[in-house]
Amino acid sequence: MSGDIIDLIEQDHREVEELFTQLESEEGDKAALLQQLADELIPHAKSEEQVVYPAIRKAVPQEAAEVHDGVVEHQHIEEMLQQLLADGPDAPGADGMLAAMIAEVRHHVEEEEQDLLPAFKKATKKEEREELGQRFEERKEQVRSSGG
Ligand SMILES: [Fe+2]
Ligand SMILES: [Fe+2]
0 MSGDIIDLIE QDHREVEELF TQLESEEGDK AALLQQLADE LIPHAKSEEQ
50 VVYPAIRKAV PQEAAEVHDG VVEHQHIEEM LQQLLADGPD APGADGMLAA
100 MIAEVRHHVE EEEQDLLPAF KKATKKEERE ELGQRFEERK EQVRSSGG
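Read left to right, the sequence shown gives residues 0 to 147 (numbering that gives the first Met the number 0).
Here it is as structure tokens:
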């Protein structure tokens, strides 16, 4: 039993925000924090795209455009994160890119939590969201172990 997909997604978001707080505090090993962020964020985003977004599109067709925007945002966020990982946190421009990436993730999380997930919740039953929660967690594990 994994729980309701909405709770699981929101828990992941809180973990990511905790990493942002640490990155912004300028304390600790930034490169290690960025790697931790990637290990958390990339499986989360891929599993959303493969498991959750299709379910939202089906249950709430009027959110299709918002879902599409979400995928584009994921891609842009991942590009910035991969660039930061490749160049390292001390590279020229890395601070600006980190701030831009954090801002985009916060905006994206807000859209999911304020718009997409509440609309999905209204359109679905608890059992359906729990079944999806299980698939979401399984998919994240698969992405983690396959690296993509
Ligand atoms: Fe997302
Ligand atoms: Fe998310």
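Note that the Cβ used here is the ideal one computed from N, Cα and C, for glycine as well.
DSSP places Glu-14 within a helical segment (H, G or I) once states are collapsed to three. In this structure, the C-beta of His-73 approaches ligand 1 to less than 8 Å from one of its heavy atoms. Under the three-state reduction of DSSP, Val-108 is assigned to helix.
When C-beta atoms of the segment 46-60 are compared with those of the segment 118-135, three or more pairs fall below 8 Å, so the two segments count as touching.
Here the C-alpha atom of Leu-83 lies approximately 13 Å from the C-alpha atom of Gln-35.
Here Val-142 has Ile-41, Pro-42, Lys-45, Ser-46 as same chain residues with Cβ atoms under 8 Å from its own Cβ, once five neighbours each way along the sequence are excluded. Under the rule that a run must span 4 or more residues, the alpha helix (DSSP H) segments found entirely inside the segment 34-117 read 52-58, 63-86, 93-110.
Relative to ligand 1, the beta carbon of Gly-87 is positioned no closer than 8 Å to any heavy atom. Closer than 8 Å to some heavy atom of ligand 2: that describes the Cβ of Ala-44. Of the other Cβ atoms in all chains shown, fewer than 16 fall within 10 Å of the Cβ of Lys-125; this residue is therefore exposed. Here His-12 is buried, its C-beta having at least 16 other C-beta atoms within 10 Å. Three or more Cβ pairs closer than 8 Å define a contact, and the segment 97-116 meets that threshold against the segment 15-23.
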